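Numbering (our numbering), first residue to last: 412 to 841.
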């Protein structure tokens, strides 16, 4: 009797496991969508292609899908993540290595569901948790733009992920937790400009992808939307009431910043924000104003001073606390950032107004010194050389400690030298 019972238990167990495996397979399986002949560029209306070109800039498609020194939209750019390195896909209409055989239906599914034409799950480095909110009409226009680009035959390198994360069916579980579909709801109590901004920011603009903290699984923490995040080793500052700006952001100030990369009362764009500004400098003005209106409303009520509030400047106290930093600052920084420096007479923001120097974490301030700053739009705007090769970690920490103490009313950063070492290591990653 016991042997019979054991045999039955094994049989039932095998049936249970098999059923569970089939259920899991059903959850992860997605059918392939049949390939199509590469569409002729002339098959798309010119107006649709032009609209798609604007949407591609609003979504910063070329930023992630263009390798360093590579052909636009041909993919292959290394995207560092906490889980390993991903390489962006080829978005040109090449039939073998790009999306030339993708139908508009397949493209929409990739953008909204994170599933490729062949049925494989896509990694959320493609921010489909935001693109899922984009209208089908806009996605079709974006598709028309991409399919009229010059085809480039270029296969992306193989991803390098921590095992077992290279097993794509696991992404089905990630989507069940973090992919929230649906259109952006229009708020009738808000203006048309605000609602347009909400659609762009929450959708194609995917601003929350950088400016929202993420959990251990890489999903955005929706309860802390726009509370600040990390992008390519830089700190994406909060875009809510906790924004560290010394002077409150207005829609006009944000518009100027997003369009030119500089706001005299705030700071200059650096790091990953530079390419965003470059893209926004070439889209319709009304779209940038809509984005600025929406984001400014999210930061409304931030604990910031008025435009007339002077920024602190106490070099004596700062030098007493950071003597080495004072010496280094005088030799390497004061020529541009000190009182009376020529740059300060050209409408450049003072250091005391820089959000990176006022932030609760020093990440972006460190990266600005290590990597430098390049003008994002046609070479116009602030330019700062990198100091990674000329300053040690301890010296970078000393300069930053001195500058924060001298120019802000914020408490000193703790363990600054460790933060510099960590940032330098991240800067060296692909």
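Idealized CB from N, CA, C, for every residue including glycine.
All values derive from a computational prediction rather than experimental measurement.
So, for residue i: in the same chain, excluding its five sequence neighbours on each side, which residues have a beta-carbon less than 6 Å away from its beta-carbon?
i	result
residue 837	644
residue 794	786
residue 501	485, 486, 508, 509 and 565
residue 482	563
residue 523	543
residue 621	640, 642 and 647
residue 422	Residue confidence for residue 422 is low, a pLDDT of 41 falling below 50, so the modelled location carries little weight and cannot support an answer.
residue 728	none
residue 668	674
Tell me whether residue i is buried or exposed, calling it buried when 16 or more other Cβ atoms sit within 10 Å of its Cβ.
i	result
residue 733	buried
residue 719	Since pLDDT at residue 719 reaches only 45, below the 50 mark, its modelled position is unreliable, and the value read off the structure follows with that caveat. Looking at its Cβ environment, which holds fewer than 16 other Cβ atoms inside 10 Å, residue 719 is exposed.
residue 510	buried
residue 823	exposed
residue 808	buried
residue 662	buried
residue 632	exposed
residue 647	buried
residue 581	exposed
residue 600	exposed
residue 609	buried
residue 627	exposed
residue 773	buried
Over the uninterrupted beta strand (DSSP E) stretch that includes residue i, give me the two end residues.
i	result
residue 498	495-498
residue 489	489-492
residue 641	640-642
If you check the beta carbons only, do residue i and residue j fall under 7 Å apart?
i	j	result
residue 706	residue 764	no
residue 539	residue 525	yes
residue 723	residue 820	yes
residue 737	residue 813	yes
residue 394	residue 488	Residue 394 is absent from the structure shown; the chain starts at 412 and stops at 841.
residue 590	residue 534	no
residue 777	residue 834	yes
residue 504	residue 558	yes
residue 828	residue 690	no
residue 449	residue 506	yes
residue 468	residue 693	yes
residue 760	residue 678	yes
residue 804	residue 832	yes
residue 536	residue 439	no
Output needed for residue i: all residues of its chain with C-beta closer than 8 Å, excluding positions within five of it in sequence on either side, in chain order.
i	result
residue 434	Low confidence applies to residue 434: its pLDDT is 44, below 50, so where it sits in the model is not reliable, and the reading given next is rough at best. Cβ neighbours of residue 434 beyond the five flanking positions: none.
residue 752	745 and 746
residue 573	494 and 495
residue 695	465
residue 432	Summary for residue 432: the model assigns pLDDT 38, below 50, so the residue's position carries little reliability, and this model does not support an answer.
Relative to the alpha-carbon of residue i, which residue among the options has its alpha-carbon at the smallest distance?
i	options	result
residue 700	604, 542 and 533	604
residue 811	768, 624 and 560	768
residue 512	495, 562 and 476	562
residue 492	507, 680 and 630	630
residue 797	806, 780 and 804	780
residue 551	625, 459, 598 and 624	459
residue 529	520, 537, 536 and 759	520
residue 555	516, 536, 537 and 544	516
residue 687	695, 671 and 577	671
residue 625	616, 637 and 615	637
residue 697	729, 656, 727 and 611	611
residue 782	792, 801, 613 and 648	801
residue 443	514, 477, 499 and 468	514
residue 652	568, 831, 770 and 792	770
residue 454	560, 818 and 803	560
residue 568	676, 490, 593 and 575	490
residue 675	799, 766, 480 and 527	766
residue 614	541, 735, 730 and 685	541
residue 446	659, 585, 527 and 730	527
Once the 5 residues before and after residue i are set aside, which same chain residues still bring their CB inside 7 Å of it?
i	result
residue 579	531 and 532
residue 451	none
residue 789	none
residue 895	Nothing about residue 895 can be reported from this structure: the residues present for the chain run from 412 to 841 only.
residue 606	597 and 598
residue 666	699, 700 and 703
residue 577	570
If I follow the unbroken alpha helix (DSSP H) through residue i, where does it start and stop?
i	result
residue 646	Premise fails: residue 646 lies in the beta strand (DSSP E), 645-647, not in any alpha helix (DSSP H).
residue 637	Taken as a continuous stretch (DSSP letters only), residue 637 belongs to no alpha helix (DSSP H), as it is neither H nor E.
residue 556	547-558
residue 766	766-769
residue 699	696-709
residue 666	662-671
residue 780	774-782
residue 617	Here residue 617 belongs to no alpha helix (DSSP H), and DSSP marks it neither H nor E.
residue 518	515-524
residue 455	Here residue 455 belongs to no alpha helix (DSSP H), and DSSP marks it neither H nor E.
residue 788	Looking at the DSSP string, residue 788 is not in any alpha helix (DSSP H), and its letter there is neither H nor E.
residue 835	827-838
Establish whether the CB of residue i and some CB of chain D are separated by less than 7 Å.
i	result
residue 784	The structure shown contains no chain D; it is built from a single protein chain.
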